[in-house]
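Protein chains in written order, with the numbering used here: chain A, 1 to 338; chain B, 1 to 338. Think of the CB as a built atom: it goes at the ideal place given N, C-alpha and C, for glycine as much as any other residue. Just so you know, these numbers come straight off a predicted model, no measurement behind them.
Protein chains: 2
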Amino acid sequence: MGLKDIGEFGFIRRISRGCLIRETGVVRAIGDDAAAVTGDPDQLTLVTTDLLVERVHFLRESTTGAELGHKSLAVNLSDIAAMGGFARDAFISLAIPENCSIDFLDAFYDGMKALAVEFDVNILGGDTTRSKQDLVINIAVIGSIFEAQLLLRSGAKPGDIIVTTGFLGDSRAGLHLILNQIETDTPALRELRRAHVLPKPYLREGRFLAETGSVTSAIDTSDGLSSDIRHIAEESAVGVRLYADQIPVSDHLTAFCKDIQEDPVLWALSGGEDYTLLCTVAPENVASVCRDYEEKFASPLYRIGEIITERKMELVLADGEIRAFEALGWDHFRPGIA
Amino acid sequence: MGLKDIGEFGFIRRISRGCLIRETGVVRAIGDDAAAVTGDPDQLTLVTTDLLVERVHFLRESTTGAELGHKSLAVNLSDIAAMGGFARDAFISLAIPENCSIDFLDAFYDGMKALAVEFDVNILGGDTTRSKQDLVINIAVIGSIFEAQLLLRSGAKPGDIIVTTGFLGDSRAGLHLILNQIETDTPALRELRRAHVLPKPYLREGRFLAETGSVTSAIDTSDGLSSDIRHIAEESAVGVRLYADQIPVSDHLTAFCKDIQEDPVLWALSGGEDYTLLCTVAPENVASVCRDYEEKFASPLYRIGEIITERKMELVLADGEIRAFEALGWDHFRPGIA
């Protein structure tokens, strides 16, 4: 069955089920010219949007609909997490080619709705239209935050400790598996693929970090560690020193890189789409923040470096050698490292 | 010069100029993981989003960048207008193919910014990425409105008078000219093309209508009069009677239809993308609303029919004959009338 059989409005009725997860404050959901919601008068409104294009961000034949739905929403929730905010409402725009089945789209919405339920996010609208060739997905997410807790990219100060919430480089390895059609026939390879197609939005962690009052800047690792930390450095007018042996690399990535004779630290630095949070923490509070974080989330907050005064980016290798590093991450219009 | 020459971040720096039109309440604009704005605690937040895809919604070779930028934003502002709201902030996502020049994109942003200035709308973020083939544009617009003034599709009552704010069918004729590559070598043809590529968002008119307290439902004519009035009928659980000789048709459209031996009323009924406001007004107040509207905007509020109890849609012809009419407008997944 295809979209032609049920039409645009039939499709909208079909996908609207299960979209309203939290009714409080929703005056108008899907079905009018715009959605209408009440806000918390004490909080700022956050807005982020991300566009995913077939053959640029994903290969439709290499992903399930559910994975794609999860990821499309997750990357937006990650942006709200990186501001320290609560995610509230999502708006889904789809341009759908004729060869995209209703089954795939149902799975897409199911994957998205499962994540929306997990994080108490409403799906309140969007737009649905045709595409001549590629499936295109744009999601906009509205969030909220108390202004005093807002995490920007611009507040890092010399001496601050750089931390991140999870492994880096796994997603890049997962992408490598997909692009090279390598079968994920071991648990380790499946984990790497999973890191790429089902990224975790660190929303609860972002809220926790915002509430500590000790986080001076934050970003999510979407373009790659080297590129994302550079955004913090530039916006904060500071420099960065990272320690190669402190960058969290999973055993899966280490084993994978050994097989293909690559350096996992380079993959962690240059790989994108891990969507961990990358923050700077005031040095006097970093011990207690890390302790409380680990207690709450049963997972470490990895300390990977520090902010320095001089505006340069350097990587300290295990033997103490210091190397300058460039932003190695993903720029959508320029060739990447891979 | 292409995007490869300046990169994603160079492009973002380039387009960011002139995006912040109204600084009040903007805590973070372009350049962080999300935008952060303060809201008016007395007002609801409105959110709408529209996706425009090359070869589905526009032909890149048949439009200027400035026209495309204007229209992409205008269709979103129109949705806010149809709720009766103030438009506040816009978020622009672009998927850009390699053969799209920086000149075209600069013109696109210039066209959008000119409209944003006219309606005091900030451009506060978005996403920029590559596309393999088609230029894809998604815009999300945030607006606000006092809850008591909210115009929904669902409030029409039997006896209410149906009104609209401008000519219908012109945009459809303009599309015909473009698709058939008919040269717009007369002022009349240029006006028809203009109606299609530079639609006017009726934001001020929407605010006026919302403030009257007499408008019971509203929508904008994006899919076509017959289709859009049907949304009101369905959401309000009522029927509709339109009068063929009261539907506002421009002299340009009449002349154009005469040439091609078509009925202009059918074009007005089935053509989409006029983006006039289509409202129902309580009968006891319609005279004063129309008078005040005309005085304020120096343009009539056209009365085109009335809401009836029986859930059917009928068109009264000039000779008194009554015909049932279907929703003839645009459904993105089904063949249209044209």
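| query | result |
| --- | --- |
| Cross-strand partners of V240 of chain B (DSSP beta bridge) | B:I307 and B:M313 |
| Buried or exposed by the 16-neighbour rule on C-beta atoms within 10 Å, applied to K296 of chain A | exposed |
| As assigned by DSSP and simplified to three states, the class of I142 of chain A | strand |
| Secondary structure of V215 of chain A, DSSP reduced to three states | strand |
| Under the three-state DSSP convention, the category L278 of chain B falls into | strand |
| Rounded C-alpha distance that separates G39 of chain A from E147 of chain B | 12 Å |
| For G239 of chain A and M313 of chain A, believed in contact at Cβ under 8 Å, the rounded distance | 6 Å |
| Which of helix, strand or coil DSSP assigns to I182 of chain B | coil |
| Neighbouring residues, chain B, relative to T45 of chain A (Cβ below 8 Å) | A36, V37, T38, G39, T45 and I142 |
| Helix, strand or coil at T24 of chain B [DSSP, three-state] | coil |
| Residue-chain proximity (S131 of chain A, chain B), Cβ-Cβ < 9 Å | yes |
| Cutoff 9 Å: C54 of chain A Cβ touching any chain B Cβ | Reading off the sequence shown, one finds Glu at residue 54 of chain A, where the question assumed Cys. So yes, E54 of chain A belongs to the interface. |
| Element boundaries [beta strand (DSSP E), containing A116 of chain A] | Run containing A116 of chain A: none in the beta strand (DSSP E); it sits in the alpha helix (DSSP H), I102 to E118. |
| Cβ separation of V281 of chain A and S226 of chain A, assumed to be a contact under 8 Å, to the nearest whole Å | In fact, because the Cβ distance is near 20 Å, the residues do not count as touching under 8 Å. |
| Cβ pair A34 of chain B, G159 of chain B closer than 9 Å | no |
| G2 of chain A in three-state terms, based on DSSP | coil |
| Straight-line Cα distance separating H231 of chain B from A318 of chain B | 25 Å |
| Chain B contact for V238 of chain A (CB, 9 Å cutoff) | no |
| Alpha-carbon spacing of D5 of chain B relative to L203 of chain A, whole angstroms | 36 Å |
| For E273 of chain B, three-class secondary structure by DSSP | coil |
| contact_flag[the segment 9-17 of chain A, the segment 49-58 of chain A] where n(CB pairs < 8 Å) is 3 or more | no |
| Min CB distance R334 of chain B to chain A below 9 Å | Below a pLDDT of 50, predicted positions are generally treated as unreliable, and R334 of chain B, at 49, falls in that range; the measurement from the model is reported next regardless. At least one chain A Cβ lies under 9 Å of R334 of chain B. |
| G169 of chain A versus V163 of chain A - alpha carbon distance | 15 Å |
| Start and end residues, alpha helix (DSSP H) containing R193 of chain B | P187 to V197 |
| Residue-chain proximity (V136 of chain B, chain A), Cβ-Cβ < 9 Å | yes |
| Exposure of Q43 of chain B, with buried meaning 16 or more beta-carbon neighbours within 10 Å | buried |
| For P335 of chain A, the three-state DSSP class (helix, strand or coil) | Note on P335 of chain A: pLDDT 40, under 50, position unreliable in the model; the coordinate value appears next. Coil. |
| Close Cβ partners of L151 of chain A (< 8 Å) along its chain, the five nearest in sequence each way excluded | A82, M83, G84, G206, L209, A210, V215, S217, A218 and C279 |
| Residues near F104 of chain A in its chain [Cβ-Cβ closer than 6 Å; skip 5 each side] | G65 |
| For R241 of chain B and L52 of chain B, the rounded distance between their alpha carbons | 32 Å |
| 9 Å Cβ cutoff, T49 of chain A in contact with chain B | yes |
| Residues bridged to Y302 of chain B (per DSSP) | B:T164 |
| Helix, strand or coil at L265 of chain B according to DSSP, with G and I counted as helix | This sequence places Val at residue 265 of chain B; Leu is not what is there. The answer is helix: DSSP assigns V265 of chain B an H, G or I state. |
| Alpha carbon of L94 of chain A to alpha carbon of K132 of chain A, nearest angstrom | 12 Å |
| Buried/exposed call for L179 of chain B, threshold 16 Cβ in 10 Å | exposed |
| D33 of chain B: contacting residues in chain A (beta-carbon distance under 7 Å) | T48, D79, A82, M83, I219 and D220 |
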